[in-house]
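Engineer: Here's a structure for you.
Residue numbers (this note's numbering): 93 to 222.
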């Protein structure tokens with residue numbers, strides 16, 4: 093007769109050492125930490141971008157322009173004046189009521205345009221009409 097076919101032996105996976113398990117766990121933990129850190133940085137970047145956009149909107153709403161921080165103040169002034177419509181530029185009053193009589197102290201920037209229309213000229217927020 094024929095010989096019976098040998099039964100396939102059940103193959104057991106070789107036992108993984110404790111050191112290998114610890115290394116695998118450490119790699120997985122490091123991967124998880126890196127992933128969570130990356131997500132944290134992405135979220136922080138999004139929050140910063142939102143805050144930056146809010147600040148730009150507030151500057152435009154309050155002052156009418158946003159200064160470029162990468163150029164000097166003089167260059168920002170030139171850019172602002174160049175972008176100003178000619179009608180607005182030439183319609184500014186030339187006979188202002190403010191005169192700088194300070195000899196030693198330096199007057200803060202913008203005081204002449206603020207006080208130039210006189211002390212009776214007041215800026216007020218719009219009040220809602222009933």
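Even glycine gets a Cβ: it sits at the ideal position worked out from N, Cα and C. Note that the structure is predicted; figures quoted are calculated from it, not measured.
#1: Closest by CA to residue 228, which one among 185, 165 and 186?
#2: Considering only residues of the same chain and omitting the five flanking positions on each side of residue 100, which have a CB-CB separation below 8 Å?
#3: Sort 177, 195, 203 and 178 by Cα distance to residue 188 and report the nearest one.
#4: Have a look at residue 110 and residue 149 and give me their C-alpha separation to the nearest angstrom.
#5: Would you mind stating whether residue 171 and residue 181 have Cβ atoms separated by less than 9 Å?
Structural biologist: Reading it off the structure:
#1: Nothing about residue 228 can be reported from this structure: the residues present for the chain run from 93 to 222 only.
#2: none
#3: 203
#4: 58 Å
#5: no
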